[in-house]
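Numbering (this note's numbering), first residue to last: 26 to 713.
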């Protein structure tokens, strides 16, 4: 390239290649001139002095500098403001999946809608104004994106202002997004579908929330929305069960956190999950449900009308209160929709509202007002076709101790719809034969009441599960005492000639029994078949001395059953050789006691398969260990179809290995309820 001369103020400005102008300083401009630089010569002290002295030259230099700076500003303005900044995948996921429900800000889908509608600036200043503007646009030319945006913005307004009208609007708009359209195959993969369903489920209970109590109040009438009105109809305000049991107090289940259980189960779907509390029962009510029973319920608001109907105030909403245990799904505009339910939350609420420890200790020592009461209880209505699993708690315990196991079994997809779970409650300080008699009586009478015609075969396939002392009750319930030679044991049995003695009939029913025909399988958990070393120790003796035995037991004619005086060896304590019914449950569980001697003689029914789950603490040889209360040798049964040893303390009901083994057995029971086909590992004993 040739050299150009530009005479100005006696200075030379040269445009030259980089390689030929190493003594120049300059600035690359851009574009195709990248191989060139605009350069000014280096100034010597003399040149600088000359330039400072020449005003015309200074003006030219300033003009050139201004031009260069202007070019830089122009070039900066032409640079792209858009870039892709690399961040972690978690940050990207959180940005993509965030919605008003978890971030307090609308989702990216709603942000796009606001941007397209030029409502971004308005939204930042006033979400209500932005909602009104977007609503107007949606009425003129509606789109599903706009309706979802209306739902999210309404929820945000409700959240910030505790505005029930805004919450109701969010539920209505979310419903219209989900059901007022033609569904496509792509919709099930669209994250907006789940956002809309969650907005509906979360907004609905807050739309009907009482400002005073925080409870869900299903009240009919005309309700205001952010734009327009809607008429709410409520066909019924309670959930009803058999025996006149009614639930009419409702709490939002999503405001409760479950503690004390390994897992909290939720069935996803549509509707507001609620906890329904029982209305106080009438005095003397014979129903088998707890007084403080709480169950899962679901509220569903069915909208009739479109977005324009809502704006015109002609839309209606039908608020339905449903029992998700009975209705797993509902039909909405020709589509089957699963109902949302939080089963664990309601169950935990039931347990949390009671005082299990106080009741357990009081029941053991016989100091509760209801210590004389015993029987079967339910936490859901009788379901024909489902096999009952009856759980029998141990010493100084209660049905609440089964919570972890029952929570897993009820929510198991293979078992939850095939079984129903009942609980036997009793005074665990009373003699074991007496408590067993109450168990037999409770099962027989309840089955007869529920199925007087014998039409439900499931009620003749009952599974009994007993923990600790409860396992001893289960064992006697499937045993036959009529084959015992009592005289060989040095005992008398009241005969027919003694029936004129008051209480002798009751006494015979307690002591003379046959296996319950309704029971076809039994599971023993940490059961002391040969006694507990704790019961025989100092602590057991102290506990036995503090037990107040039921007055009904004390008044029975036990003298007809005592060992004849001539059968007593010198030095024997007459109290120790009294029949099993005259002692406390703790005395019954002392190793080598008269009770255990007789238990060894009472055969279990050969038609009922039994299973053992045995706990052993520590890492030593399992068959020489114990669970802190019961030794392995005492819990082991040669007749068991299966036996599992787990590393656990005595309270092993909720242990994951226990849960897994009980699930396996119950699945096996479904395959062969009569127990005639034992599994391949029937005689195995597995240490875990």
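Glycine included, every Cβ here is placed at the ideal spot set by N, Cα and C.
Residue i to residue j span [Cα, whole Å]
{"i": "residue 427", "j": "residue 465", "result": "20 Å"}
{"i": "residue 639", "j": "residue 259", "result": "53 Å"}
{"i": "residue 199", "j": "residue 352", "result": "22 Å"}
{"i": "residue 342", "j": "residue 194", "result": "11 Å"}
{"i": "residue 121", "j": "residue 490", "result": "49 Å"}
{"i": "residue 107", "j": "residue 172", "result": "30 Å"}
{"i": "residue 133", "j": "residue 365", "result": "26 Å"}
{"i": "residue 170", "j": "residue 153", "result": "18 Å"}
{"i": "residue 358", "j": "residue 653", "result": "60 Å"}
{"i": "residue 613", "j": "residue 678", "result": "23 Å"}
{"i": "residue 361", "j": "residue 368", "result": "21 Å"}
{"i": "residue 689", "j": "residue 373", "result": "25 Å"}
{"i": "residue 667", "j": "residue 694", "result": "13 Å"}
{"i": "residue 127", "j": "residue 684", "result": "34 Å"}
Sub-8 Å separation of residue i and residue j beta-carbons
{"i": "residue 255", "j": "residue 246", "result": "no"}
{"i": "residue 432", "j": "residue 297", "result": "no"}
{"i": "residue 371", "j": "residue 346", "result": "no"}
{"i": "residue 669", "j": "residue 686", "result": "yes"}
{"i": "residue 251", "j": "residue 320", "result": "no"}
{"i": "residue 135", "j": "residue 190", "result": "no"}
{"i": "residue 290", "j": "residue 691", "result": "no"}
{"i": "residue 414", "j": "residue 535", "result": "no"}
{"i": "residue 404", "j": "residue 430", "result": "no"}
{"i": "residue 178", "j": "residue 131", "result": "yes"}
{"i": "residue 747", "j": "residue 202", "result": "Residue 747 lies beyond the range of the chain shown here (26 to 713); nothing can be said about it."}
{"i": "residue 317", "j": "residue 303", "result": "yes"}
{"i": "residue 470", "j": "residue 627", "result": "no"}
{"i": "residue 665", "j": "residue 637", "result": "yes"}
{"i": "residue 412", "j": "residue 468", "result": "no"}
{"i": "residue 253", "j": "residue 336", "result": "yes"}
{"i": "residue 642", "j": "residue 674", "result": "yes"}
Environment of residue i [buried if 16+ CB atoms lie within 10 Å]
{"i": "residue 419", "result": "buried"}
{"i": "residue 460", "result": "buried"}
{"i": "residue 239", "result": "exposed"}
{"i": "residue 275", "result": "buried"}
{"i": "residue 543", "result": "buried"}
{"i": "residue 647", "result": "buried"}
{"i": "residue 214", "result": "exposed"}
{"i": "residue 124", "result": "buried"}
{"i": "residue 473", "result": "exposed"}
{"i": "residue 197", "result": "buried"}
{"i": "residue 557", "result": "buried"}
{"i": "residue 410", "result": "exposed"}
{"i": "residue 434", "result": "buried"}
{"i": "residue 553", "result": "buried"}
{"i": "residue 493", "result": "buried"}
{"i": "residue 192", "result": "buried"}
{"i": "residue 146", "result": "exposed"}
{"i": "residue 681", "result": "exposed"}
{"i": "residue 188", "result": "buried"}
{"i": "residue 113", "result": "exposed"}
Nearest to residue i (by Cα), restricted to the options the options
{"i": "residue 328", "options": "184, 338 and 322", "result": "338"}
{"i": "residue 406", "options": "314, 666, 223 and 547", "result": "314"}
{"i": "residue 266", "options": "215, 312 and 285", "result": "312"}
{"i": "residue 241", "options": "147, 324 and 442", "result": "324"}
{"i": "residue 348", "options": "129, 93 and 264", "result": "264"}
{"i": "residue 635", "options": "499, 553, 535 and 120", "result": "499"}
{"i": "residue 532", "options": "496, 486 and 456", "result": "456"}
{"i": "residue 540", "options": "152, 633 and 448", "result": "633"}
{"i": "residue 401", "options": "444, 132, 417 and 671", "result": "417"}
{"i": "residue 273", "options": "476, 615, 675 and 301", "result": "301"}
{"i": "residue 538", "options": "508, 425 and 545", "result": "508"}
{"i": "residue 206", "options": "244, 167 and 235", "result": "167"}
{"i": "residue 333", "options": "468, 113, 164 and 505", "result": "164"}
{"i": "residue 236", "options": "424, 186 and 336", "result": "186"}
{"i": "residue 204", "options": "336, 609, 608 and 356", "result": "356"}
{"i": "residue 511", "options": "623, 212 and 447", "result": "623"}
{"i": "residue 377", "options": "150, 115, 625 and 283", "result": "283"}
Would you be able to state if there are at least three C-beta pairs under 8 Å between the segment 462–477 and the segment 616–631?
Short answer: they don't touch.
Any contact of the segment 472–482 with the segment 444–460, i.e. 3+ C-beta pairs under 8 Å?
no
Give a yes or no on contact between the segment 156–170 and the segment 224–236, applying the rule of three or more CB pairs nearer than 8 Å.
With the cut-off at 8 Å, the segment 156–170 and the segment 224–236 do not touch.
Kindly confirm or deny that the segment 278–285 and the segment 213–220 touch, where touching means at least three C-beta pairs closer than 8 Å.
no
The segment 545–553 / the segment 652–661 touching (three or more Cβ pairs under 8 Å)
Between the segment 545–553 and the segment 652–661 there are three or more C-beta pairs closer than 8 Å, enough to call the two in contact.
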